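Participant: Submitted below is the structure of interest, expressed as structure tokens.
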Amino acid sequence: MTYHSYSKDAEELALTIYNDGFGVVKEKRKVNLTGEETEIQYLDVAQLIETDSILVEGLNILELNYDYDLVSKSKLLEKYIDQNVFLYDKEKNERKEYRLLSVASGIVLENTKTKEIILDPKEELILPKLPGELIVKPALIWKIKPSKNDQINVSYLTKGMEWESNYVVELKEKTFNLSGWVNIQNNAGTTFANVKVKLIAGDVNRVEDGDVIGLEDHVLYAQVDYSEKPSFEEQSFADYHMYTLQHKTTLKNNQSKQINFIQVEEIPYKRYYSFNHYNDKAEIKIEFENKQAQKLGLPLPKGKVKVYQEDIKDGSLEFIGEDRIDHTPKNETVELYLGDAFDIVCEGNEIDSYKDEKGIRTVEWEYTIKNNKEEQALMKITHDIYDRNWTMKDTSHEYKKETSNKIVFWVEVAADTVEEVTFEYEVDERIYITKS
């Protein structure tokens, strides 16, 4: 005896979605097993289910199959081979019964009364009701030991699930407003109705090599009420971060859904222009601290950040650039590259390089910054020194040694002026031989 279990029988449905193109489905369904059933058709599962990941509680399963028959003309005809079908003659309004012999290279029928053979009939072919063994939805077929039960719990992994964060920044003079949206994509092959949703942020290792679903760039731009609480509650979980949606939702198959998860006002930031001698133009950068003191201090999932700035003449928001951030823990610095500056011209050149008789090589560099803007510009000049045993000899501006081979100058350049940053360092190229 076969028992059919459908998604409408679900008492509880939960879904945990990961960044890397998969999700975990957890479902509790009510059943009415009388002890006579030897097979269960567990219907309405994801089409992209990973069958080696299935966990079942409440059943003693002897054998498991995953079946999914696409309903097509050829599939249906194959199911009726050696069974009786009908031909309908519209002109005579007659229906005659035939036995279907073959569909391999055309339709071959046998008249059940005269035993005459008909090849590729022109009349309308009518099939009896859909065969019971034809499964038109993805289903798990379980051979079970007979038992009485009223509930089964099923969990499994499925591909075709993906989520990504998208951020929208409203840039003001000294602060910005931030709203974050979760973009959830369901291509798993089924609809998850009235489901509890959790999102895992982090890079979870998978053994298989699978294609990751690419999210379409659907980003919701909407005015946000910053007084409202976010829709997701965040918590640490097993070296990752988990975001739990505070209400149930429905994820339709092949649907992209946007849900707001963060909204913060008046976050302080620093705006500057970055240049090194490998660049052709000065890059526009904004930087902020992901700290509680700066009104953040939240783990930020990876995603795209779109930045807008208000036109003070008419109050409209204009798009000024975008960048992508990686998973960013709290207390870390976030840097966004928005584009290349139009009115700031920079150039970096090695002015001189010479070696004295002692084997000390001297290198001179000059960076020229032309600020054609009508306002002061903060510049970050980054210079890489790949020589070993170098020592700074002279410099026109203060610098910071970030690493053993990287120095950084922060320079305020007044409006409509030219600023030159020069420095000179020595490299000891003498060879020392130590006697043992």
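Under this note's numbering, residues 55 to 490 are what the sequence shown spells out, in order. Even glycine gets a Cβ: it sits at the ideal position worked out from N, Cα and C. Fair warning: this is a prediction, and the values are worked out from it, not measured in the lab.
Could you work out which residue in D397, V361, E81, G243 is closest to E66 when comparing CA atoms only?
Facilitator: Sequence index remark: in the sequence shown, residue 66 carries index 12 (1-based). Checked all of D397, V361, E81, G243; the closest Cα to E66 is E81.
Participant: Tell me V359's beta-bridge partners as DSSP assigns them.
Facilitator: By one-based count along the sequence shown, residue 359 stands at place 305. Bridge partners of V359: Y221, D377.
Participant: Return the chain-ordered list of same chain residues with a C-beta closer than 7 Å to the C-beta of D279, the five sequence neighbours on each side being excluded.
Facilitator: The residue you call residue 279 lines up with position 225 of the sequence shown. Because the pLDDT at D279 is just 45, under 50, the model does not fix this residue reliably, and the point stays unresolved.
Participant: Between E104 and Y210, which are expected to be in contact by the criterion C-beta below 8 Å, what is the C-beta distance as a whole number of angstroms?
Facilitator: Taking the first residue of the sequence shown as 1, we reach residue 104 at position 50. Taking the first residue of the sequence shown as 1, we reach residue 210 at position 156. Sure, about 7 Å apart at Cβ, within 8 Å.
Participant: Ordered along the chain, which non-local residues of its own chain (more than five positions away) have a Cβ less than 6 Å from that of K150?
Facilitator: The sequence position of residue 150 within the sequence shown is 96, counting from 1. Excluding sequence neighbours, K150 sits near L141.
Participant: Short of 6 Å in beta carbon distance, which residues of its chain neighbour K454, apart from the five on each side in sequence? Order them along the chain.
Facilitator: If you number the sequence shown from 1, residue 454 lands on position 400. Once the five neighbours on either side are set aside, the close Cβ partners of K454 are V462.
Participant: Under three-state DSSP, which class holds S61?
Facilitator: On the sequence shown, residue 61 is found 7 positions in, with the first residue counted as 1. If DSSP states are grouped into helix, strand and coil, S61 belongs with the helices.
Participant: How far does the alpha helix (DSSP H) with K127 in it extend, from its first residue to its last?
Facilitator: Counting from one through the sequence shown, the residue named residue 127 turns up at place 73. Where K127 is concerned, the enclosing alpha helix (DSSP H) stretches over 127-133.
Participant: Kindly indicate which three-state DSSP category A100 falls into: helix, strand or coil?
Facilitator: What you label residue 100 is simply residue 46 of the sequence shown in a count that begins at 1. A100 falls in the coil class under three-state DSSP.
Participant: Tell me the DSSP bridge mates of F315?
Facilitator: Here residue 315 refers to the residue found at position 261 of the sequence shown. For F315, which the question treats as bridged, DSSP gives no partner whatsoever.
Participant: According to DSSP, which residues form a beta bridge with R415?
Facilitator: Taking the first residue of the sequence shown as 1, we reach residue 415 at position 361. According to DSSP, which records beta bridges pairwise, R415 is partnered with K409, V481.
Participant: What is the DSSP secondary structure of A255, reduced to helix, strand or coil?
Facilitator: The residue you call residue 255 lines up with position 201 of the sequence shown. The answer is strand: DSSP assigns A255 an E or B state.
Participant: Determine the contact status of I321 and Q348, defining contact as a CB-CB distance below 8 Å.
Facilitator: Residue mapping note: residue 321 aligns to position 267 of the sequence shown, counting from 1. Residue mapping note: residue 348 aligns to position 294 of the sequence shown, counting from 1. Yes, they are a contact pair.
Participant: Run the CB neighbour count on R491, radius 10 Å, all protein chains shown included, and call it buried at 16 or more, exposed below.
Facilitator: No statement about residue 491 is possible, as the shown extent of the chain runs from 55 to 490 and does not include it.
Participant: From what residue to what residue does the beta strand (DSSP E) around N241 run?
Facilitator: Indexing the sequence shown from 1 puts residue 241 at position 187. N241 -> no beta strand (DSSP E), and no H or E assigned at all.
Participant: My assumption, with CB atoms under 8 Å, is that K367 sits in contact with D397. Please give the rounded CB distance.
Facilitator: Within the sequence shown, residue 367 is the residue found at index 313, counting from 1. Within the sequence shown, residue 397 is the residue found at index 343, counting from 1. In fact, because the Cβ distance is near 19 Å, the residues do not count as touching under 8 Å.
Participant: Provide the residue(s) that pair with G351 in DSSP beta bridges, ordered along the chain.
Facilitator: Here residue 351 corresponds to residue number 297 of the sequence shown, with the count starting at 1. In the DSSP output, where bridge partners are listed per residue, G351 has none listed.
Participant: To the nearest angstrom, how far is it from the Cα of E491 to the Cα of K213?
Facilitator: Here the chain has residues from 55 to 490 only, and residue 491 is not among them.
Participant: What is the DSSP secondary structure of Q346, counted as helix, strand or coil?
Facilitator: As a working mapping, residue 346 is identified with position 292 in the sequence shown. Q346 falls in the helix class under three-state DSSP.
Participant: Can you have a look at E474 and say buried or exposed, based on whether 16 or more other CB atoms are within 10 angstroms of its CB?
Facilitator: For this step, residue 474 is matched to residue 420 along the sequence shown. With fewer than 16 other Cβ atoms within 10 Å, it is exposed.
Participant: Are the beta-carbon atoms belonging to F477 and C400 less than 8 Å from one another?
Facilitator: Sequence index remark: in the sequence shown, residue 477 carries index 423 (1-based). Sequence index remark: in the sequence shown, residue 400 carries index 346 (1-based). Not closer than 8 Å, so no.
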